[in-house]
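A.B. asks: For reference, the structure I am asking about is given below.
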Ligand SMILES: [Zn+2]
Ligand SMILES: [Zn+2]
């Protein structure tokens, strides 16, 4: 077989914002990224100071001259749009709104969000609650607001979004479908029982996603191998080719014509001085 001329999809990694949000761009560029993910506030706390005008200006300035065309943020892990406690639910909605404000100020392409956990109330109730929360947060926002990208999950505990049909149900039950997209995480899909380790696994998984949600809603990927075995419903990321999924799935993904413009972002162990990312990106490029 001849090597294709296809240069493949935008590739990148979740990079640190240590020292300032704008530092993420040179960090990504140094790795050769054309897409990155960042945090726009601390992931483990509810509160954060508003972004200063200078922070926003520095970020936009760094981005204007960067080859990194696609930048998303990952929302705080504390947010649960299906929270059963009224105060927790209100806090979650406020926190999501605040993160979207930050993303809008910075001009980001989307905000990746774990849909939520039903905490024992059942999947149907949880999905309904998430849809209502998304309406409450997204309804009042401008059309130009960055999209919320629902991420599929590994299905640990009572977490929702581990079946593509659950993502589809959330999307169908909101009134703000146009403000939503999906981020597909390979480790989570594998953990949830999508057989990416099998030779036909990528094709089969994409078919199932297309049937349930529609490939046109797929905005980006998280490329992660899995430390945990197939269908374990456990979320432990591994460097590409070193885990239970194996390199083959990633070779298929970066060469899939239908995904040629879908950014693919690593969340694998970074190793010392990002050596983990460097090796993973080199592996991906070697497949093209
Ligand atoms: Zn992810
Ligand atoms: Zn994960």
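Residue numbers (this note's numbering): 5 to 292.
Idealized CB from N, CA, C, for every residue including glycine.
Determine the closest residue to residue 86 out of 237, 126, 255, 263, with distance taken between C-alpha atoms.
C.D. replies: 126
A.B. asks: If I follow the unbroken beta strand (DSSP E) through residue 59, where does it start and stop?
C.D. replies: Segment 57-68 is the alpha helix (DSSP H) holding residue 59; no beta strand (DSSP E) there.
A.B. asks: Within 9 Å of any Cβ in chain B, is that where the Cβ of residue 34 sits?
C.D. replies: Here there is only one protein chain, and chain B is not present.
A.B. asks: Grab the span of the alpha helix (DSSP H) containing residue 134 for me, first residue to last.
C.D. replies: 127-142
A.B. asks: State yes or no: is the C-beta of residue 189 nearer than 8 Å to some heavy atom of ligand 1?
C.D. replies: yes
A.B. asks: CB of residue 228 to nearest heavy atom of ligand 1: below 8 Å?
C.D. replies: Yes, since a heavy atom of ligand 1 falls inside the 8 Å radius drawn around the Cβ of residue 228.
A.B. asks: Is residue 279 near ligand 1, judged by its Cβ being under 8 Å from some heavy atom?
C.D. replies: no
A.B. asks: Would you kindly work out how many angstroms separate the C-alpha atoms of residue 187 and residue 225, rounded to a whole number?
C.D. replies: 5 Å
A.B. asks: Can you give me the C-alpha to C-alpha distance between residue 141 and residue 100, rounded to a whole angstrom?
C.D. replies: Residue 141 and residue 100: Cα-Cα distance of roughly 7 Å.
A.B. asks: Give the DSSP-derived three-state secondary structure of residue 92 in the structure shown.
C.D. replies: helix
A.B. asks: Helix, strand or coil: how does DSSP classify residue 187 here?
C.D. replies: Three-state result, residue 187: strand.
A.B. asks: Give every residue of the same chain whose Cβ lies closer than 7 Å to the Cβ of residue 52, excluding the five residues on either side of it in the sequence, and list them in chain order.
C.D. replies: Within the same chain, and ignoring the five residues on either side of residue 52 in sequence, the residues whose Cβ sits closer than 7 Å to its Cβ are 45, 46.
A.B. asks: When the Cα atoms are used, what is the spatial distance from residue 118 to residue 165?
C.D. replies: 8 Å
A.B. asks: Within 10 Å of its beta-carbon, does residue 151 have 16 or more other beta-carbons around it, so buried, or fewer, so exposed?
C.D. replies: buried
A.B. asks: From the DSSP output, read off the bridge partner residues of residue 241.
C.D. replies: 230
A.B. asks: Of the residues 245, 16, 260, which one's Cα is nearest the Cα of residue 71?
C.D. replies: 16
A.B. asks: Among 182, 255, 170, which residue has its Cα nearest to the Cα of residue 205?
C.D. replies: 255
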